[in-house]
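First comes the structure, then the notes that go with it.
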Amino acid sequence: LSLGLLGVSTARASLQPGGWGQQWQDWTIENLSNPLEDILAQIEETTALAEETLQNVLGDQWEALKTALGSNLPDPTQVRMDEVVPIQSILGTDPTTQQRELANRYDQEVARSMASPWLGDRGQARLSNQAEQTTTLLESSQARTQQAQSMAEAAQSMNVTQDVMKQNAQIQASVAALLHEQTQLTAENNTTLTQLHQLQGMLTQLAANTSEGIDETNRRERVERQISISGSAQAPIYIPGALGTSSSGN
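Quick note on this note's numbering: the sequence shown kicks off at 376 and runs consecutively.
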């Protein structure tokens with residue numbers, strides 16, 4: 376009984392501030408990156424790229440658009456529907472068409488900025504870096520799992536309670552690090568899924584723009600055909616013999 380009580384007290388001591396467990400947990404926090412920082416960095420990178428691209432494409436109109444809508448990266452629906460969207464006057468083009476063209480350009484540039492980090496040399500480097508980080512995490516997780524198993528087996532043959540408790544604290548620290556790495560992988564997976572949802576949403580938005588453009592073209596062609604048919608119906612038609620005329624032309 377006394378040995379059991381000694382073991383419990385030593386285990387508690389190892390997890391107190393300054394104990395073996397606390398030291399290993401501090402090491403884990405200091406040496407493993409925060410997955411949320413990586414997620415925020417990716418969001419900030421995409422947002423900054425979108426703002427830079429829109430500034431280059433729209434110029435002063437981009438600043439006016441941000442001021443009117445009160446956002447550094449307005450919602451695509453706002454740009455398309457809000458009446459306060461600033462429109463540059465173009466002779467012969469009605470405001471509704473101008474706003475639609477502005478919204479289409481906005482959608483296109485946002486989509487390009489979202490895709491840009493994953494394309495070209497920059498995209499290849501990013502994918503390679505993420506693949507390397509994921510591989511390192513997986514290898515580290517495997518090594519820590521094996522280490523925890525080895526320490527657990529070694530603890531079985533120990534007779535001194537203090538040594539057993541130290542070994543147990545190290546096992547707990549390894550498990551904590553392993554859980555942190557798994558959390559990091561899960562966070563990265565969730566980030567990837569979120570980015571896929573964003574890209575899918577942008578593709579849907581562009582598809583809607585394309586459909587709208589096709590409908591507009593069809594309407595224009597239909598109106599042109601109606602005008603052509605109406606003009607043909609109103610044009611004078613010469614019928615020989617009608618209205619006192621003769622087929623000989625006299």
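Cβ coordinates follow ideal geometry from the N, Cα and C atoms, glycine included.
- prompt: Is the beta carbon of L581 less than 8 Å from the beta carbon of D482?
  reply: Here residue 581 refers to the residue found at position 206 when the sequence shown is read from its first residue. Here residue 482 refers to the residue found at position 107 when the sequence shown is read from its first residue. Yes, the pair counts as a contact, with Cβ atoms nearer than the cut-off.
- request: Let me know the secondary structure DSSP gives G396 once reduced to three states.
  value: Sequence index remark: in the sequence shown, residue 396 carries index 21 (1-based). For G396, the predicted model reports a pLDDT of 48, less than 50, meaning its position is unreliable and no value from the coordinates is stated.
task: Given a cut-off of 8 Å, decide if L448 and A478 are closer than it, judged by their beta-carbon atoms.
output: Reading the sequence shown from its first residue, position 103 is the one you call residue 478. Reading the sequence shown from its first residue, position 73 is the one you call residue 448. No, the Cβ-Cβ distance between A478 and L448 is not below 8 Å.
message: Rounding to the nearest angstrom, what Cα-Cα distance links L578 and A486 in this structure?
response: Mapped onto the sequence shown, residue 578 falls at position 203. Mapped onto the sequence shown, residue 486 falls at position 111. Their backbone Cα atoms lie some 8 Å apart in a straight line.
task: Would you mind giving the Cβ-Cβ distance between Q453 and I462, rounded to the nearest angstrom? I have them listed as a contact below 8 Å.
output: Here residue 453 corresponds to residue number 78 of the sequence shown, with the count starting at 1. Here residue 462 corresponds to residue number 87 of the sequence shown, with the count starting at 1. Wrong, their Cβ atoms sit about 14 Å apart, outside the cutoff.
CB-CB length for L494 against Q559, believed under 8 Å: Taking the sequence shown and counting its residues from 1, one reaches residue 494 at position 119. Taking the sequence shown and counting its residues from 1, one reaches residue 559 at position 184. Incorrect: roughly 26 Å between the Cβ atoms, too far for contact.
query: Do the stretch 560 to 575 and the stretch 517 to 525 touch if we need at least three Cβ pairs shorter than 8 Å?
result: Contact between the stretch 560 to 575 and the stretch 517 to 525 is not established, with fewer than three Cβ pairs separated by less than 8 Å.
message: Am I right that P492 and E587 are in contact with their C-beta atoms under 8 Å? What's the rounded C-beta distance?
response: Against the sequence shown, residue 492 aligns to sequence position 117. Against the sequence shown, residue 587 aligns to sequence position 212. Going by Cβ atoms, the distance from P492 to E587 rounds to 28 Å, so no, they are not a contact pair.
message: Here's the rule I'm using: 16 or more other beta-carbon atoms within 10 Å means buried, otherwise exposed. How should Q545 be labelled?
response: Position 170 of the sequence shown, counted from the start, is the residue given in the question as residue 545. Looking at its Cβ environment, which holds 16 or more other Cβ atoms inside 10 Å, Q545 is buried.
- prompt: Count the other CB atoms within 10 Å of the CB of E458; is the residue buried (16 or more) or exposed (fewer)?
  reply: Residue 458 sits at position 83 when you count from the first residue of the sequence shown. E458 should be labelled exposed.
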